[in-house]
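So for the sequence shown, our numbering puts the first residue at 177; every next one is plus one. Notes for the one structure printed next.
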Amino acid sequence: MNLKFLIFIFLTLTYCSTNPYEGELTLNGDALFTEISNLEDTDRDLDSQCSLLEEERQYHENDNLPLAFFVEYEYYKYRYLGGSPENVENYLNSLFFYCDMGDVFTENWNSLEYQENLYQQLASAPIEPIGIIDN
């Protein structure tokens, strides 16, 4: 009787303590990171990804920027590194939900077409040198 109870408790804790988005995030991360060759395996640690995502969110909030800019920034970051549009979208969707920020993603993600259009505009914009005015 006690053994069955202990097994039940162990199985309950095991299944309840895992994040339901972990498997999806791992698959989407593998697909994305095979395209991005300059990321180390240490950059793929899920907990550090969540910490980094939270830190970047706080930067945007502290600067009073809309969270849509935060989501766009995350998209641009992985596209710039070489990820395909679909793999970046899938990864970000999984990452935001894994890190308990699914509502931020859902409320601020317009569409893949929209994000890619903004990214292409940014990527093709000429970079103007900034002159320093010395007084």
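All C-beta atoms, glycine included, are put in the ideal place defined by N, C-alpha and C.
Query: Beta carbon of residue 247: closer than 7 Å to some heavy atom of the ligand SAM?; Result: The ligand SAM is not part of the structure shown, which contains no ligands of any sort.
Query: For residue 275, which of helix, strand or coil comes out of DSSP?; Result: coil
Query: Under 8 Å, with one C-beta from each stretch per pair, do the region 260–280 and the region 222–234 reach the 3-pair mark?; Result: yes
Query: Is residue 284 closer than 8 Å to residue 244 when the C-beta atoms are compared?; Result: yes
Query: With a cut-off of 8 Å on the beta carbons, I'd call residue 295 and residue 252 a contact; round off their distance for me.; Result: 6 Å
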